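Asks: Protein sequence lines correspond, in order, to chains A and B.
Convert by adding 6 to the 1-based position in the first sequence; the result is the number in my numbering.
Convert by adding 87 to the 1-based position in the second sequence; the result is the number in my numbering.
Ideal Cβ placement from N, Cα and C applies to all residues, glycine included.
Predicted model, so just to flag it, every value in this text is computed and none were measured.
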Amino acid sequence: MVTIENLNKFYEIDGQKQYVLNDIKLNIQKGECVILKGVSGSGKTTLLSIIAGLDKPSSGKVLVNGEPISKLPDMHLSAFRAEKIGIVFQNFNLLDGVSLLDNAIVPLVAAKVGLKEAKQKALNALKVANIEHKANKTPSELSGGEKQRGAIARALVANPNLILCDEPTANLDIANSLSFIQTLKELHHMGKTIIVATHDSLFEELDFKHRVVEISQGLLVDS
Amino acid sequence: MRNNSFFYFLTLNLLKEKRRFVGIVLISTLLIFLLSSVLFISSSIKTTLNSSLKAQPDFIVQNIKAGKVAPIKAEQVDKIVNIYGVNKVTKRVYGRYFFDDKYSALIVGVDFLDEQSSKKLVKIMNSVDLKSFLSKDNMLVGQGVLSYLKSHYYATNYNFLTPSGQMQKVNIFKALNAKSSLISNDMIIMPLELAQKVLGLKESELTDIALNVPNDSEWSNIKAKLESLNFSTRVVSKKDMKKAYENLFNYKGGLFLVLYLIVIATFSLLLYLRYSLASSLERKEIAILRAVGWSIKDVLELKFLENIFLVIFAFVLGSSLAYIYVFILGAPILKDIFLGGANLKQFATFTPVVDYSVLSTIFIVFAVAFLGSVLIPVWKIAVTEPKEAL
């Protein structure tokens, strides 16, 4: 599903290469749940961004479903993101002033789905994320946990195979974090491939099959 | 081809930021309104001046005495008629009559029995019964004169004070056609002999003599011949009149220029603000759209449609309001600025004239600058990796 080969990401400061990711090699199977673990600044968010095509690697290759996503032109990469990848961000990144339902529609607009179908899909996604009762509320009217559910619904709306979560519980309390993990479990059972970048210890005791991959200073410690 | 979900999202976006967009539309509308108003006024003035110039004779022959224009002897008409190449020689008697310090009107004496003189007035006179009109001391008055006289309780006649100190009673026969008020608003038309009395001219005296020379190439020859009629003769050609009009208009044009500069400065400020706002407020929104699968083209298309809607709305609203302000309400305030000079007081209302080429130029410049100020920063943000803005 996701193959990472000799991936490097570095910034040049005063002629010196500062590595954020150093020679990463990783293979993630379809339907697998991978927890990318590491302290802040270890490089896990950057790795996730590169897998999502939101950032470009300095060198190396990332294949998602066999597609070298970092080399895809914008039009293809965008379409790929809209249809094949769902992303849940740490700070939710919902559009302000727009209802949860309309937030969930946004990826489908890019995928050129008709309005009626898009609304139906968005409602289904909100149902899966257990937030359909707040469909008409805007992000400013919601709690952190509710926003997170809205973000999950948006990530699921196009029915992608790959779900990427970046520090999904960082802004949630324990109850909401546990609820998120429960949703993650359901997604796993649905056969989705899940990659979670987190430093939250709650993810160390998941009660479903998963693999923990640790990153430290841009290097994979265990895979 | 975009589907309905795209346009649904476009509408959502417009409604979401309605406060910001209303502010932008209001300022843009105001600027377009000002520019269009000035444009409408200048087009109307130009057209009116050109049409009134068209109606002018090719030459006017005057008599100069001690450096001032003095009455000319009517016998000169016979000499002019005999010059080969000259036609439509017309006796003219006119002068400004000051009712009080603030109001004056132009008295025009017409030889109604002379075909050339009366023909020119057909447009501004409502079917006047000439027989009845010439039977007494009657006058035709413009709408402005009529309302002045009525406000001073002269509903049927007026006693003119002649230069010799005598009163000359003249009946108000009819008002001139309201449609022609642009040129006849402050005009009084009366028979030539009556005008001579009111203006203090003898029967043998005229204000000037008008004539036409159909062959343009003969203008300089004819002018020389006219000037040689008498050492005190002054000949004014249509070209001279055009220059005089242009000078007057150019002087007024300075005010237009100042207004244009103010509008352009304000517009630049608006664009700068729009540019800055795009950078700070839209950065995150664009990054989110990109992250969930929108391409650069999708984002640019959304922003283009969003803003072209604002541009068209502001332009249509601004130019329509300007049209109403200038041609229906008569451009209060701006009219005083541009037509404050006594020489242009004849403009009571503006003839509706729309210069589409200039109007479309304003639209194109406005639209290009406005869209540029939005789309350039949006493009800059959109091409940046979304991660940077999230």
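1) Mind checking B/N250: buried by the 16 CB within 10 Å criterion, or exposed?
2) Is the beta carbon of A/R87 less than 8 Å from the beta carbon of A/G66?
3) For a contact defined as C-beta to C-beta under 9 Å, what are the partners of A/G156 on chain B?
4) Let me make sure I understand the geometry here. Which of B/T471, B/F120, B/R89, B/K160 has the alpha-carbon closest to that of B/I296?
5) Skipping 5 residues on each side, what residues in its chain have a beta carbon closer than 6 Å to that of A/D206?
6) Please list the segments of the beta strand (DSSP E) lying wholly inside the region 157-190 of chain B, counting only runs of 3 or more residues, in order along the chain.
7) For B/S355, does the count of other Cβ atoms within 10 angstroms reach 16, so buried, or fall short, so exposed?
8) Pull up the DSSP beta-bridge partners for B/N299, would you.
9) So is B/I463 in contact with chain A if we call contact Cβ pairs under 8 Å?
10) Could you tell me which of B/F127, B/T98, B/V109, B/L97 sits nearest to B/S444, measuring between CA atoms?
11) Which residues, in order along the region 115-129 of chain A, keep a beta-carbon less than 9 Å from a beta-carbon of chain B?
12) What number of angstroms, rounded off, separates the C-alpha of A/V112 from the C-alpha of A/H195?
13) Got a sec: which bits of the region 90-103 of chain B sit with their beta carbon under 7 Å from any beta carbon on chain A, in order along the chain?
14) From B/I38 to B/A242, what distance separates their C-alpha atoms?
15) Touch check for the region 301-314 of chain B and the region 136-146 of chain B: three-plus C-beta pairs under 8 Å?
16) From B/D224, B/L458, B/A454, pick the residue whose C-alpha is nearest to that of B/N244; which is it?
17) Which residue from B/L113, B/V323, B/I449 puts its Cα closest to that of B/V125?
18) By a C-beta neighbour count over all protein chains shown, 10 Å radius and 16 as the cutoff for buried, is B/L102 buried or exposed?
19) In angstroms with no decimal places, state the Cα-to-Cα distance between B/V386 and B/A331.
20) I'd like the list of long-range same chain contacts for A/D179, defined as Cβ closer than 8 Å, with 5 residues on each side in sequence excluded.
21) B/E472 versus chain A: which residues are under 7 Å apart at the beta carbon?
22) Expressed to the nearest angstrom, what Euclidean distance is found between the alpha-carbon atoms of B/I349 and B/V413?
23) Taking DSSP as the reference, what is the three-state secondary structure of B/G417?
24) For B/W466, which residues in chain A fall below 8 Å Cβ to Cβ?
25) May I ask which residues mark the beginning and end of the beta strand (DSSP E) holding B/R321?
26) Pairs of beta-carbons, one from the region 400-414 of chain B and one from the region 112-126 of chain B, closer than 8 Å: are there three or more?
27) Would you be able to state if there are at least three C-beta pairs under 8 Å between the region 73-90 of chain A and the region 123-132 of chain A?
28) Counting only Cβ-Cβ distances shorter than 9 Å, please list the residues of the region 374-385 of chain B near chain A, keeping chain order.
29) Between B/L431 and chain A, is the shortest Cβ-Cβ distance under 8 Å, so that the two count as touching?
30) State the DSSP-derived secondary structure class of B/Y240, mapped to helix, strand or coil.
31) Look up A/M196 in the DSSP assignment and say whether it is helix, strand or coil.
32) Here's a check: name, in chain order, each residue in its chain whose Cβ is nearer than 8 Å to the Cβ of B/K312, leaving out the five neighbours to either side.
33) By how many angstroms is the C-alpha of B/Y347 removed from the C-alpha of B/Y190?
34) What does B/E372 touch in chain A if you count any residue whose Cβ is under 9 Å from its own?
35) Suppose only complete runs of 3+ residues qualify. What are the beta strand (DSSP E) ranges in the region 149-183 of chain A, listed by chain order?
36) Over what stretch of residues does the beta strand (DSSP E) that includes A/E18 continue unbroken?
Replies: According to the structure data:
1) Your numbering for residue 250 of chain B matches position 163 in the second sequence. With the sequence shown as reference, residue 250 of chain B is identified as Pro, and Asn is not the correct amino acid for it. B/P250 should be labelled exposed.
2) On the first sequence, residue 87 of chain A is found 81 positions in, with the first residue counted as 1. On the first sequence, residue 66 of chain A is found 60 positions in, with the first residue counted as 1. No, Cβ-Cβ distance for A/R87 and A/G66 is not below 8 Å.
3) Position 150 of the first sequence, counted from the start, is the residue given in the question as residue 156 of chain A. Chain B residues near A/G156: none, gap ~12 Å exceeds 9 Å.
4) The residue labelled residue 296 of chain B in the question sits at position 209 within the second sequence. For B/I296, the nearest C-alpha among the options comes from B/K160.
5) The residue given as residue 206 of chain A occupies position 200 in the first sequence. Only T175 meet the Cβ criterion.
6) Fully enclosed beta strand (DSSP E) runs of 3 or longer: 174-185.
7) Stepping through the second sequence from its first residue, residue 355 of chain B is reached at position 268. Exposed.
8) For this step, residue 299 of chain B is matched to residue 212 along the second sequence. Answer by DSSP bridge pairing, in chain order: B/N174.
9) Walking along the second sequence from the start, residue 463 of chain B turns up at place 376. No, B/I463 lies away from the interface with chain A (no Cβ there is under 8 Å from its Cβ).
10) Locating residue 444 of chain B in the second sequence gives position 357, where the first residue counts as 1. Closest by alpha carbon: B/F127.
11) Residues passing the 9 Å Cβ filter: V115, A116, A117, K118, V119, G120, L121, K122, E123, A124, K125.
12) Reading the first sequence from its first residue, position 106 is the one you call residue 112 of chain A. Reading the first sequence from its first residue, position 189 is the one you call residue 195 of chain A. Roughly 26 Å separates the two Cα atoms.
13) N90, N91, S92, F93, Y95, F96, L99, K103
14) No answer is possible for residue 38 of chain B: the residues shown for chain B start at 88 and end at 477.
15) yes
16) Here the question's residue 244 of chain B lines up with position 157 in the second sequence. Of B/D224, B/L458, B/A454, the residue nearest in Cα terms is B/D224.
17) Locating residue 125 of chain B in the second sequence gives position 38, where the first residue counts as 1. Ranking the options by Cα distance to B/V125, first place goes to B/I449.
18) The residue labelled residue 102 of chain B in the question sits at position 15 within the second sequence. With fewer than 16 other Cβ atoms within 10 Å, it is exposed.
19) Counting from 1 along the second sequence, the entry for residue 386 of chain B is found at position 299. Counting from 1 along the second sequence, the entry for residue 331 of chain B is found at position 244. Cα-Cα distance, rounded: 56 Å.
20) By one-based count along the first sequence, residue 179 of chain A stands at place 173. Same-chain partners within the cutoff: G150, G151.
21) As a first step, residue 472 of chain B is located in the second sequence; it is residue number 385 there, counting from the start. Chain A residues near B/E472: L60, D61, K62.
22) The residue given as residue 349 of chain B occupies position 262 in the second sequence. The residue given as residue 413 of chain B occupies position 326 in the second sequence. Taking the straight line from one Cα to the other gives about 19 Å.
23) Residue 417 of chain B sits at position 330 when you count from the first residue of the second sequence. Under the three-state reduction of DSSP output, B/G417 falls in the coil class, being neither helix nor strand.
24) On the second sequence, position 379 is the one that residue 466 of chain B refers to. Result: empty, since nearest Cβ-Cβ is about 12 Å, beyond 8 Å.
25) What you label residue 321 of chain B is simply residue 234 of the second sequence in a count that begins at 1. Unbroken beta strand (DSSP E) run through B/R321: 320-324.
26) yes
27) no
28) For the region 374-385 of chain B, residues whose beta-carbon sits nearer than 9 Å to a beta-carbon of chain A comprise A374, I375, L376, R377, A378, V379, G380, W381, S382, I383, K384, D385.
29) Stepping through the second sequence from its first residue, residue 431 of chain B is reached at position 344. Per-residue confidence for B/L431 stands at a pLDDT of 49, beneath the threshold of 50, marking its modelled position as unreliable; the derived number appears in the next sentence. So no, B/L431 is outside the interface.
30) By 1-based counting over the second sequence, the position of residue 240 of chain B is 153. B/Y240 falls in the coil class under three-state DSSP.
31) As a first step, residue 196 of chain A is located in the first sequence; it is residue number 190 there, counting from the start. A/M196: coil per DSSP, three-state reduction.
32) For the purposes of this step, residue 312 of chain B is taken as the residue at position 225 of the second sequence. Hits under 8 Å: I170.
33) Here residue 190 of chain B refers to the residue found at position 103 when the second sequence is read from its first residue. Here residue 347 of chain B refers to the residue found at position 260 when the second sequence is read from its first residue. So the alpha carbons of these two residues sit roughly 32 Å apart.
34) The residue labelled residue 372 of chain B in the question sits at position 285 within the second sequence. Those within 9 Å of B/E372 in chain A are L101, D102.
35) 168-172
36) Within the first sequence, numbered from 1, the residue matching residue 18 of chain A stands at position 12. Unbroken beta strand (DSSP E) run through A/E18: 8-19.
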